[in-house]
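Numbering (our numbering), first residue to last: 5 to 591. C-beta: ideal position from N, C-alpha, C; glycine also. Given the structure is predicted, the values throughout are model-derived calculations rather than measurements.
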C-alpha cells in the first residue's frame, strides 16, 4: 500500500503513499456490492484493515457502533462483522493442528507488461503514457473478471469437499507501482492485486475461496492478460508485436516491434543482478550434490539469487514526472537522443512491416494440432487449463496484437481435446492420442516419441520440433484433400478495417490467391515466399510456351499476336494498423 516500504508510526496512509511516490489503491471486482463498496473507490485504511487483515466487513466500525447502541455485547457486535469463520478459530485448541494453522486472508497477483512496454511508458510523451496505463487497466480488469467468473470456487462442508462457483464475484484491492527495486530505480509499470479470500456461497453465506482453483489456472490467466494487453496496445497505438528469445532454447516473449533491444538491457537491471549472483549458487549446488541442477533446482536457485540481491526501495521523495525526467536523461546519456526520441516513429514503421508480412488468420485445426504437440511434449499428461494457456499463447504469436474472436481460445482447446487426446489416469488427466495424430502411417506414429527422449535439447525446442512435424503433416493432408476435391477445414479470419464485411477467406479469393492457412514461424514464411516466387516464374514460362506454340501453328499470319499480360502477383490485404475498434468496451 505504501510502495513495499514501511511508514513511521503516526503517519497517515495517504501521506505515506505521497512520500513513497505511489498512487492510492482502488477497489475492483463484482463482489464489492455485497459489502457496500463501489469499483474505483480509493482503498482506505479503515476498509483494508478489517477486510484484508481480519476477514471482517470493510465497514466493521460503523456496524459495531450501531449494534453496541442497540444493547448488543462487544462479542456479539464483533461476530456480526465477521465474513465467514473468524480467524480466532484457527488459534482454538479444538482446531486440528492448531499450531500449524495460520490465518490466510488474501491472494497476491502481480500484473506486469513486457519490458518494451516499460520503456515506451517511461521515455515517450505523456499521451502515450496515459494510453499504456489505460491498456493496463483494461487488460487487468478483464483478466480478473475471467478469474472471478470461470475460475474462482468457494468451499464448504467437511474438509471443504464441496466446491461451487462464487456467487457475486471477487473483491480486489489494486495498487500501482512505477519502479523496480534496482539501486538506480528503473521503470517498471506493474499492478499489485490483493484478492480477498472471503466470498459468498450460492446460498448467501460467507466462506473462503479455494486456493487450488486459482493456482491451477494462474498460467492461463497470465496468457490471457498478455493477449488482451497486446490487443489494446495495437488497437489504440497501432503498434505490432514480435517474439523475442530471452534465454536460448526457452519460450520467447512478445515485445513491441521496433523498440531498440539495447534499451531492454538498460531497463532490466534486476535481471543482470540475478544473473551475476546465479553462477556462485550453481557452483555451490554442483559441489554439494555432485551434478548440475535440473529444471526445478535451477528455478529454486534463481529464486534464491533474487532474494539475495533484493534491495530496499528508495527513501527519498520523487514524483512520477521527476522519475520520467531522470529515466529519459539516463537513456539519452547511454544511447543518444535519436534512440530515445524516435521510439514512436520506429515502432510505427516496424508495425507496418509486420502487418505486411503476417496474415492475422487463425486456423483452428492447425492451432489445435500445434497446441496438443507442444503441451504433450512438455508435460506428457495434461489437463484442460494447460491446453488453454498454450492456445492463448498461440493466438498471441499468430495475431501479433490483432483482436481475436471471443471464445476462440476455448474452441481451439475443444478441437484439440475432441480430435487428438485420450483420457489417462485420474483427475481428468489426458494425453495425446498418437493414433489420431497419425491415422494412416504406422511408421510415423512414433515421430513424437524420439523428440520426448532427446535430452540434448530443451523441452520447448523438442515441443517446437513436434509442432512443426504436425504442421507439415496437416499441410500434406490438405494438399491431398485438394487433389481429391474434398472440402477444406473451416478457418477463422480476424476482421480487418480494410474490408469489414468480407467473410472468412473472401479477401484472399478476391486478391487472386488460395487462402492457405499459414503459421507464424520464420522458416515457414520464408518457404512460402520461395514457393510463391517459383510458382510465378513457372506460370510465366508456361505462358511463353503457349504463345510460341500458337505462333508456330499459324505461320501465315503476318502480324504478331498480342502479348499476354504478365501474371499478376497477388497482393496481400494489409489492414490499416491502429484503426481496429478497441476491445474491452472502453472508448
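Quiz item: Counting Cβ pairs closer than 8 Å, one from the segment 393-404 and one from the segment 362-374, do we hit at least three?
Solution: Yes, since at least three Cβ pairs between the segment 393-404 and the segment 362-374 fall closer than 8 Å, the two stretches touch.
Quiz item: Is residue 261 near residue 381, with beta carbons less than 8 Å apart?
Solution: Not a contact, by the Cβ cut-off of 8 Å.
Quiz item: Do the CB positions of residue 46 and residue 26 come within less than 8 Å of each other?
Solution: The answer is no: Cβ separation not under 8 Å.
Self-check item: 6 Å Cβ shell around residue 159 - same chain, five flanking residues per side excluded
Solution: These residues qualify, in order along the chain: 167, 214.
Quiz item: Around the C-beta of residue 152, are 16 or more other C-beta atoms found within 10 angstroms, so that it is buried, or is it exposed?
Solution: buried
Exercise. Specify the secondary structure class of residue 181 as computed by DSSP and reduced to three states.
Key: strand
Quiz item: Would you say residue 197 and residue 396 are within 8 Å of each other, going by their C-beta atoms?
Solution: no
Quiz item: residue 293: buried (16+ other C-beta within 10 angstroms of its C-beta) or exposed?
Solution: exposed
Quiz item: DSSP three-state call for residue 119: helix, strand or coil?
Solution: helix
Quiz item: The beta strand (DSSP E) with residue 191 in it runs from where to where?
Solution: 191-200
Quiz item: Does the segment 174-186 touch the segment 198-209, meaning 3 or more C-beta pairs lie closer than 8 Å?
Solution: yes
Exercise. Pick out the complete beta strand (DSSP E) segments inside the segment 7-65, 3 residues or longer, and give them in chain order.
Key: 30-32
Practice problem: Check each candidate in 323, 169, 344, 324 and name the one with the smallest Cα separation from residue 332. | Solution: 344
Practice problem: Please say whether residue 371 and residue 416 have beta carbons closer to each other than 8 Å? | Solution: yes
Quiz item: In the DSSP assignment, what residue or residues form a beta bridge with residue 168?
Solution: Residue pairing of residue 168 in beta bridges, as defined by DSSP: 158.
Practice problem: Count the C-beta pairs between the segment 104-113 and the segment 121-139 that are closer than 8 Å, then say yes if the count reaches three, no if not. | Solution: no
Exercise. List the endpoints of the continuous beta strand (DSSP E) containing residue 150.
Key: Not the beta strand (DSSP E): residue 150 falls in the alpha helix (DSSP H), residues 130-150.
Practice problem: Go ahead and label residue 204 buried or exposed: buried means 16 or more other beta carbons lie within 10 angstroms of its beta carbon, across all protein chains shown. | Solution: Around the C-beta of residue 204, 16 or more other C-beta atoms lie within 10 Å, and the residue is accordingly described as buried.
Practice problem: Write down the C-beta distance between residue 232 and residue 146 rounded to the nearest angstrom, noting that I regard them as a contact closer than 8 Å. | Solution: Approximately 5 Å separates the beta-carbon atoms of residue 232 and residue 146; this is inside 8 Å, confirming the contact.
Quiz item: Which partner residues does residue 435 have in the DSSP bridge list?
Solution: 385, 426
Quiz prompt | For residue 475 and residue 425, the rounded distance between their alpha carbons | solution = 17 Å
Self-check item: Collapsed DSSP secondary structure at residue 466 in the structure displayed
Solution: helix
Exercise. To the nearest angstrom, report how far apart residue 207 and residue 180 are at their CA atoms.
Key: 35 Å
Quiz item: Going by other Cβ atoms of all chains shown within 10 Å of its Cβ, with 16 needed for buried, is residue 139 buried or exposed?
Solution: Under this definition residue 139 is a buried residue.
Exercise. Identify the continuous alpha helix (DSSP H) that holds residue 245 and give its terminal residues.
Key: Taken as a continuous stretch (DSSP letters only), residue 245 belongs to no alpha helix (DSSP H), being part of the beta strand (DSSP E) at 245-248.
Self-check item: Through-space distance from residue 83 to residue 107, alpha-carbon basis
Solution: Straight through space, the alpha carbons of residue 83 and residue 107 are spaced by roughly 17 Å.
Quiz prompt | residue 352 (DSSP reduced to helix, strand or coil) | solution = helix
Quiz item: With respect to the beta strand (DSSP E) encompassing residue 257, which residues constitute its N-terminal and C-terminal limits?
Solution: 257-260
Exercise. Buried or exposed for residue 280, please, with buried defined as at least 16 other CB atoms from any protein chain shown within 10 angstroms of its CB.
Key: exposed
Practice problem: Please classify residue 278: is it buried, with 16 or more other beta-carbons within 10 angstroms of its beta-carbon, or exposed? | Solution: With 16 or more neighbouring CB atoms inside 10 Å of its own CB, residue 278 falls in the buried class.
Practice problem: Spell out the partners DSSP gives residue 594 in its beta bridges. | Solution: Outside the shown range of the chain, which is 5 to 591, sits residue 594, and nothing can be said about it.
Quiz prompt | Residue(s) in a DSSP beta bridge with residue 203 | solution = 211
Exercise. With DSSP as the reference, label residue 408 as helix, strand or coil.
Key: coil
Quiz item: Terminal residues of the continuous alpha helix (DSSP H) containing residue 230?
Solution: 222-241
Quiz item: Do you know whose CA, among 272, 304, 545, lies nearest residue 118's CA?
Solution: 272
Quiz item: Between the C-alpha atoms of residue 499 and residue 545, what's the straight-line distance to the nearest angstrom?
Solution: Reliability of the predicted coordinates at residue 499 is poor, the pLDDT of 43 falling under 50, and the value obtained from them is presented with this limitation in mind. Spanning the two alpha carbons is a distance of roughly 37 Å.
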